[in-house]
Amino acid sequence: QSALTQPASVSGSPGQSITISCTGTSSDVANYNYVSWYKQHPGKAPKLMIYDVSNRPSGVSNRFSGSKSGNTASLTISRLQAEDEADYYCNSYTSISSYVFGTGTKVTVL
Amino acid sequence: QVQLQESGPGLVTPSGTLSLTCALSSDSISGNNWWSWIRQPPGKGLEWIGEIHLSGSTHYSPSLKGRITISADNSNNQFSLKLNAVTAADTAVYYCARHGYNFGYYFDSWGQGILVTISS
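Line by line, the protein sequences are chains A and B. In terms of my numbering, the first sequence opens at residue 30 and continues consecutively. In terms of my numbering, the second sequence opens at residue -9 and continues consecutively.
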């Protein structure tokens, strides 16, 4: 089971929007609406930001949104803020009843 | 909100068995949730290890299957991970996590993580 592919880094200025892609296969992202996204600060546990492709848990800012097209899911962060700087990971359920994470993306706020 | 706490040895010798426990502060492992173990080698990405349900059903990562056992102790509100034949490649921060309620395919609560180093 190979990791989902994410860009290593994405950057943007405060107030801008950025999008992180997450590319999988027909065994995961393409055939299941069970993509989730996690934010992780160094030395801390990950935090759920998006689940089931596009749903936000209570307490997560509406600046975070998720979508999916084919075998690629995306996380968009609007009105970028300094506090958004972190590592972001996607995750998908798979056809063999397992889960696979993405390679991770470091978001830098310029 | 449920809190999860990992515990176990921080150092394991190569070829030995890594044993960790995840204790739940509230909620109950007998609720309608799945519970997972996830790890992160130093400076690297997240890797899903396996999951368990109250029914006793388990699913394991294909890359680790054969070396893993995940079990639940309902009476003590905890679940455990055993990983056999460890090598330096198993050095990582190990997290336990709760899936979303009612068969949620995501992880909505995480423990703080515990660093386990494989070394002689």
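The C-beta atom is built at its ideal place from N, Cα and C for all residues, glycine as well.
Terminal residues of the continuous beta strand (DSSP E) containing residue i?
i	result
His43/B	37 to 43
Ile58/B	58 to 63
Ser5/B	Neither: Ser5/B is in no beta strand (DSSP E) and is coded neither H nor E.
Ser42/A	No beta strand (DSSP E) holds Ser42/A; DSSP gives it neither H nor E.
Asp116/A	115 to 122
Leu(-6)/B	-6 to -3
Leu71/B	68 to 73
Asp98/B	97 to 100
Ile108/B	104 to 108
Val129/A	128 to 130
Compute the beta-carbon to beta-carbon distance between residue i and residue j, rounded to the nearest angstrom, for a pair I have assumed lies under 8 Å.
i	j	result
Ala115/A	Gly35/B	About 14 Å; that fails the 8 Å criterion.
Ile108/B	Gly0/B	Not a contact, Cβ separation roughly 11 Å.
Val82/A	Lys97/A	5 Å
Thr101/A	Val138/A	Actually they are not in contact, since the Cβ atoms of Thr101/A and Val138/A sit about 24 Å apart, beyond 8 Å.
Tyr118/A	Gly99/A	Rounded, the Cβ-Cβ distance is 20 Å, inconsistent with contact.
Leu77/A	Ser65/A	6 Å
Leu109/A	Gly41/A	5 Å
Val(-8)/B	Ser99/B	5 Å
Assign residue i to buried or exposed, taking buried as 16 or more other Cβ atoms, counted over all protein chains shown, within 10 Å of its Cβ.
i	result
Thr77/B	exposed
His70/A	exposed
Glu112/A	exposed
Gly53/A	buried
Gly40/B	buried
Ala37/A	exposed
Thr3/B	exposed
Asn66/B	exposed
Asp63/B	exposed
Pro75/A	buried
Ile125/A	exposed
Gln68/B	buried
Phe93/B	exposed
Gln35/A	buried
Ala79/B	exposed
Ser51/B	buried
Which residues does DSSP list as the beta-bridge partners of residue i?
i	result
Thr54/A	Answer is none; Thr54/A lacks a bridge partner.
Leu54/B	Answer by DSSP bridge pairing: none, since Leu54/B is not bridged.
Tyr67/A	Leu77/A, Tyr118/A
Phe29/A	Because chain A spans 30 through 139 in this model, residue 29/A falls outside it and cannot be assessed.
Ala87/B	Ser26/B, Trp100/B
Val138/A	Gly41/A
Ala115/B	As displayed, chain B neither begins before -9 nor continues past 110, which places residue 115/B out of reach and without an answer.
Thr77/B	According to DSSP, Thr77/B bridges with nothing at all.
Asn84/A	Tyr80/A
Ser98/A	Thr101/A
Ile47/A	Ile106/A
What are the residues in the segment 23 to 52 of chain B lying within 9 Å of chain A by C-beta distance? In summary, the residues of the segment 23 to 52 of chain B whose CB is separated from some CB of chain A by less than 9 Å are Ser26, Ile28, Gln30, Lys34, Gly35, Leu36, Glu37, Trp38, Gly40, Glu41, His49, Tyr50, Ser51, Pro52, in the order they occur in the chain.
Using a beta-carbon distance cut-off of less than 9 Å, what residues from the segment 92 to 103 of chain B approach chain A? Listed by position along the chain: Gly94, Tyr95, Tyr96, Phe97, Asp98, Ser99, Trp100, Gly101, Gln102, Gly103.
Return the residues of the segment 86 to 114 of chain A that lie within a Cβ-Cβ distance of less than 7 Å from chain B, sorted by chain order. Residues of the segment 86 to 114 of chain A with a C-beta less than 7 Å from any C-beta of chain B: Pro86, listed in chain order.
What residues in the segment 67 to 90 of chain B have a beta carbon less than 7 Å from any beta carbon of chain A? Residues of the segment 67 to 90 of chain B with a C-beta atom less than 7 Å from some C-beta of chain A are Tyr85, Gly90, listed in chain order.
For the segment 39 to 53 of chain A, list every residue whose C-beta sits within 8 Å of some C-beta in chain B, in sequence order. Per Cβ criterion, the list is empty.
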